[in-house]
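Residue numbers (the numbering used here): 29 to 795. We put the beta carbon where it would ideally sit given N, CA and C, even for glycine. Predicted model only: the values in this text are computed from it and were never measured.
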């Protein structure tokens, strides 16, 4: 028989906690081993002789603590049955006191059994409670379960395929296959493989590419994860793969996360091709291409094609740099409308070009909409440079305007000579026995016919030039002779206006090749232009000189001059300086255009300059020289013609700056029994009217210094003639002109040439 201390030693050194209880449902500690005391951190005197449930009470605040009741029921079963009772895993917190005296209950888990111990007579002597604390194990198992649950939830919820494979190697340690141990629900969708778990890849796809085995074998051997994208012809798919080692080294287990990116790569390739084509199209096109923010406040990108400044980085508040201020309101209005309607943007817009000048763009943009919300994310647009088109349109409009003005001027210029011709024709039958009147009428008709012939010749010449029908009789021409003839042609006009002409020429002859008559026509037109735009008694200078290559003919005047805008177009067809309705300069506005065309045909140049309005003008003609030899100089003195005015006394005042028209009207009236007064100047007419107090005033509307309408208003204010009859005479036939005349106080309105029969009827009715 073993000694008692042997049993005691065995009890205390056991790895299981053990204590002995009295056979009762409220037992007392009889004995306890050291192992249990270590579990509960108590001393022997803390438990021996104490009641079990006093030493280890239940936590009154822990509703889930059922350990005490479970232990009590187990003891009761042992007492009732006399048999051992094993308890399931128990959660039995242990009361503990902290250093500060605070009582806490530490959560503990136990595995225990209660065994009855009988004495020699067979009576229940005590109950042996054997227990092992498994708190840490329970915690570990619980953590593992949670981890496995999370792992399972993760693999089942991710939108990628997942599997755990075991890589299989041959005898040469080369990867030849792999077997699927785990798969997630998306595995089949991503791979197209069914029931793969537990099967090898070769079993499912016998001709699967070997590179897949090599990559997974590399992960299994090295323990290093890899990320790659690879295609499989056997599966007909492209995969984005992340492979990493799992479990212990040497187990050849590899976790694989993968995604089927076949469609994505196909879409990307299509997008790449589409973008490549778009870039090629953008590169090939000459249009400006741009991207702007949804509200157009920021320009993201702009390829200006040299038309506009490029934008590579986003730029806010860009309107000031690209759009002139006067266009802002129009642009903002169009933008606001298109944003509201989410519609295509189209606009012709004046812009600031890359070189700082202004031009025009025709721009179009479409809104890019979010597929889900339908909101505008940006605008993409293209613009076409239409500056040349706009300039051409403006040129056409300007040409049309000048043409319309020309037609009006033509009508006026033709009516002016027709008026005295008509009057002379009416006088002739009445002056059969008056030789002086017949001679005067004949002279007037001849002069006016010559004037009309000149107008028509200019028109025909310009028509021939523009159609390329003029041919030059090219010969050696001496320019002194040409200039002399030109001066002779315009001398009557110079004499009329008392102009002083100074002609400076070199001592020798100057020869050019050309058509003498056409060159005379050119210089005459330049001189005529100078005369028209130089006030009476003005100075006009003509200088003929040469350099090594050219003969230079320069005509300068101290007349009204030209604005810069007129200089740029002075040689264009139908161009004239702005003039009032007096039309005092006359002409059709084609003389300079004809002169330039003829100079061009002579391979020469013609230019015009002017310091500004009121500062005179200068025209210069360059003609290629043939030779230059000595010759007698031409005395360039002034040629002045004085024209006297015929003054008669009458009670009908005729005011017209066209002398022939005024004289013929007066003659007709005198031969019809009326007394006439003639004035060619409106200011003189006012003073004359105050003295003569005419009963009838016939006023030309196109007068110099003030027009006929203003003259009528001033005369109506004079008491002596306020009740006189006012008759308007004009070469303009517009209805508005007639309405303006009536509003100015005229009683009757006559067009040139005047209907003399109607005039005499009107005068007869006044008697």
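- Beta bridge pairing from DSSP links residue 413 with 389.
- A direct Cα-Cα distance of roughly 8 Å separates residue 238 from residue 205.
- Restricting attention to alpha helix (DSSP H) runs no shorter than 4 residues, the segment 493-573 encloses them at 507-524, 544-560, ordered along the chain.
- Residue nearest to residue 722 within the set 737, 699, 695, 750 is 750 (criterion: CA-CA distance).
- The residue among 349, 504, 505, 531 with its C-alpha nearest the C-alpha of residue 516 is 531.
- In this structure, the beta-carbon distance from residue 649 to residue 548 does not fall below 7 Å.
- Put simply, the segment 121-132 does not touch the segment 100-112. Fewer than three CB pairs are less than 8 Å apart.
- Per DSSP, the continuous beta strand (DSSP E) segment holding residue 205 begins and ends at 203-211.
- Contact annotation: residue 316 and residue 329 have beta-carbon atoms that are not nearer than 7 Å.
- Scanning the segment 705-738 for uninterrupted alpha helix (DSSP H) segments of 4 residues or longer gives 710-720, listed from N- to C-terminal end.
- Residue 681 is bridged by DSSP to 705, 725.
- Under the three-state reduction of DSSP output, residue 196 falls in the strand class.
- Below 8 Å, too few C-beta pairs join the segment 287-298 and the segment 378-389 to call them touching: fewer than three.
- Taken atom to atom, the span from the alpha-carbon of residue 193 to that of residue 293 is near 26 Å.
- Under DSSP, residue 754 forms a beta bridge with 725.
- Straight through space, the alpha carbons of residue 401 and residue 372 are spaced by roughly 19 Å.
- Residue burial annotation: residue 719 is exposed, with fewer than 16 other C-beta atoms found within 10 angstroms of its C-beta.
- When C-alpha distances from residue 729 are compared across 706, 713, 758, the shortest belongs to 758.
- Here the segment 502-519 lies against the segment 535-550, with 3 or more beta-carbon pairs under 8 Å apart.
- CA-CA distance, residue 778 to residue 473, rounds to 21 Å.
- A residue is called buried once 16 or more other Cβ atoms fall within 10 Å of its Cβ, and residue 589 is buried on that count.
- A straight line joining the alpha-carbon of residue 374 with that of residue 621 spans about 41 Å.
- If you check the CB distance, residue 225 and residue 211 come in under 7 Å.
- For residue 461, no beta strand (DSSP E) encloses it, and the DSSP letter there is neither H nor E.
- Within 10 angstroms of the beta-carbon of residue 735 lie 16 or more other beta-carbons, which makes it buried.
- With three or more CB-CB distances shorter than 8 Å, the segment 686-701 counts as touching the segment 778-790.
- Between residue 284 and residue 248, the gap from beta carbon to beta carbon reaches 7 Å or more.
- Here residue 452 has 469, 472, 473, 692 as same chain residues with Cβ atoms under 7 Å from its own Cβ, once five neighbours each way along the sequence are excluded.
- Straight through space, the alpha carbons of residue 304 and residue 230 are spaced by roughly 41 Å.
- When the beta-carbon positions are compared, residue 144 and residue 106 come within less than 7 Å of each other.
- Burial is judged here by how many other beta carbons sit within 10 angstroms of a residue's own beta carbon; residue 341 has fewer than 16 and is exposed.
- Taking 8 Å as the upper bound for CB-CB distance, residue 320 and residue 376 are not in contact here, some 18 Å apart.
- Put simply, the segment 41-48 touches the segment 60-79. At least three CB pairs are less than 8 Å apart.
- Around the beta-carbon of residue 281, 16 or more other beta-carbon atoms lie within 10 Å, marking it buried.
- Closest option to residue 135, judged by alpha-carbon separation, among 72, 638, 121: 121.
- The alpha-carbon separation between residue 389 and residue 367 amounts to approximately 20 Å.
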